[in-house]
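*Asks:* Structure incoming, see below.
Numbering (the numbering used here), first residue to last: 32 to 218.
In structure tokens:
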């Protein structure tokens with residue numbers, strides 16, 4: 032099979048046409064131009080190659096996309112996720128989808144619980160996550176980001192971290208029965 036990068040016109044022409052010196056020269060010239068074009072086109076595929084871009088280019092993309100809640104000193108994985116989802120978050124700003132997307136990007140996993148689901152005040156919500164490795168810096172970044180993504184009227188009540196603990200409970204019981212008898216001697 033002929034690859035697009037290495038192929039030439041002479042590979043697909045019939046024998047009587049590809050023997051001409053002019054056709055071979057044209058085929059070579061077009062092939063070299065195509066190789067340069069393919070090499071350059073791979074270098075401009077930034078948005079589709081976010082996972083493999085160096086950190087400096089991620090920072091530049093964040094500025095270009097105007098990611099309002101971007102922190103250049105943050106974790107590279109969080110930065111990649113924020114840049115990847117920037118356009119989506121602009122179109123869904125103010126919705127639960129945008130808030131859930133930020134929860135996934137910054138906290139790793141979690142869910143949004145609306146006020147009517149837990150008996151809170153109208154317009155309030157809370158975030159629940161199972162990620163036990165969240166740092167104070169992650170919470171501060173999340174609070175900064177969430178202000179620009181949530182509805183302006185929505186109020187974040189709490190960020191709850193659910194932790195599962197495995198405990199070895201040892202239970203024991205002891206039953207001790209005693210019967211008392213009173214002996215009375217007659218006489």
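C-beta: ideal position from N, C-alpha, C; glycine also.
1. Cα separation between residue 135 and residue 109?
2. Taking Cβ to Cβ, would you say residue 141 is nearer than 8 Å to residue 159?
3. Of the choices 173, 36 and 181, whose alpha-carbon is the least far from that of residue 105?
4. Out of 48, 61, 40 and 97, point me to the one whose CA is closest to residue 117's CA.
5. At the level of alpha carbons, what is the spacing between residue 128 and residue 200?
6. Buried or exposed: residue 100, going by 16 or more other Cβ atoms within 10 Å of its Cβ?
7. Report yes or no: do the region 186 to 206 and the region 145 to 163 share at least 3 C-beta pairs separated by less than 8 Å?
8. Taking only the alpha-carbon atoms, compute the straight-line gap between residue 64 and residue 111 and give it to the nearest angstrom.
9. What are the uninterrupted segments assigned as beta strand (DSSP E) that are 3 or more residues long and contained completely in the region 146 to 189, given in chain order?
10. Quick check: the region 53 to 69 against the region 34 to 44, are at least 3 beta-carbon pairs closer than 8 Å?
11. Can you name the start and end residues of the alpha helix (DSSP H) that residue 66 belongs to?
12. For residue 92, collect the residues of the same chain with a Cβ closer than 7 Å to its Cβ; drop the 5 residues on either side in sequence, then sort them by chain order.
13. Looking only at DSSP bridge pairs, what is residue 217 linked to?
14. If we ignore side chains and look at the alpha-carbon of each, how far apart do residue 46 and residue 81 end up?
15. Using alpha carbons as the reference points, say which of 138, 152, 50 and 52 lies closest to residue 185.
16. Run through the DSSP bridge pairs and tell me what residue 191 is partnered with.
17. Taking the alpha carbon of residue 182 as the point to measure from, which residue in 208, 214, 120 and 213 has its own alpha carbon closest?
*Replies:* Considering the structure as presented:
1. Counting from 1 along the chain shown, the entry for residue 135 is found at position 104. Counting from 1 along the chain shown, the entry for residue 109 is found at position 78. Roughly 9 Å between the two C-alpha positions.
2. For the purposes of this step, residue 141 is taken as residue 110 along the chain shown, with counting starting at 1. For the purposes of this step, residue 159 is taken as residue 128 along the chain shown, with counting starting at 1. A contact, by the Cβ cut-off of 8 Å.
3. Your numbering for residue 105 matches position 74 in the chain shown. For residue 105, the closest C-alpha among the options 173, 36 and 181 is that of 173.
4. Residue 117 sits at position 86 when you count from the first residue of the chain shown. The shortest Cα separation from residue 117 among 48, 61, 40 and 97 belongs to 97.
5. For the purposes of this step, residue 128 is taken as the residue at position 97 of the chain shown. For the purposes of this step, residue 200 is taken as the residue at position 169 of the chain shown. Those two C-alpha atoms are separated by around 41 Å.
6. In the chain shown, counting from the first residue as 1, residue 100 sits at position 69. Residue 100 is classed as buried because its beta carbon has at least 16 other beta carbons within 10 Å across all chains shown.
7. The answer is yes - the region 145 to 163 touches the region 186 to 206, with three or more Cβ pairs under 8 Å.
8. On the chain shown, position 33 is the one that residue 64 refers to. On the chain shown, position 80 is the one that residue 111 refers to. Cα to Cα, the separation comes out at about 33 Å.
9. 155 to 160
10. yes
11. Here residue 66 refers to the residue found at position 35 of the chain shown. Run containing residue 66: 52 to 74, per the alpha helix (DSSP H) assignment.
12. Indexing the chain shown from 1 puts residue 92 at position 61. The answer, listed in chain order, is 77 and 114.
13. In the chain shown, counting from the first residue as 1, residue 217 sits at position 186. In the DSSP output, where bridge partners are listed per residue, residue 217 has none listed.
14. Looking up residue 46 in the chain shown gives position 15. Looking up residue 81 in the chain shown gives position 50. Rounded to the nearest angstrom, the two C-alpha atoms are 45 Å apart.
15. Counted from its first residue, the chain shown places residue 185 at position 154. The candidate whose alpha carbon is nearest that of residue 185 is 152.
16. By one-based count along the chain shown, residue 191 stands at place 160. Bridge partners of residue 191: 159.
17. Mapped onto the chain shown, residue 182 falls at position 151. Closest by alpha carbon: 120.
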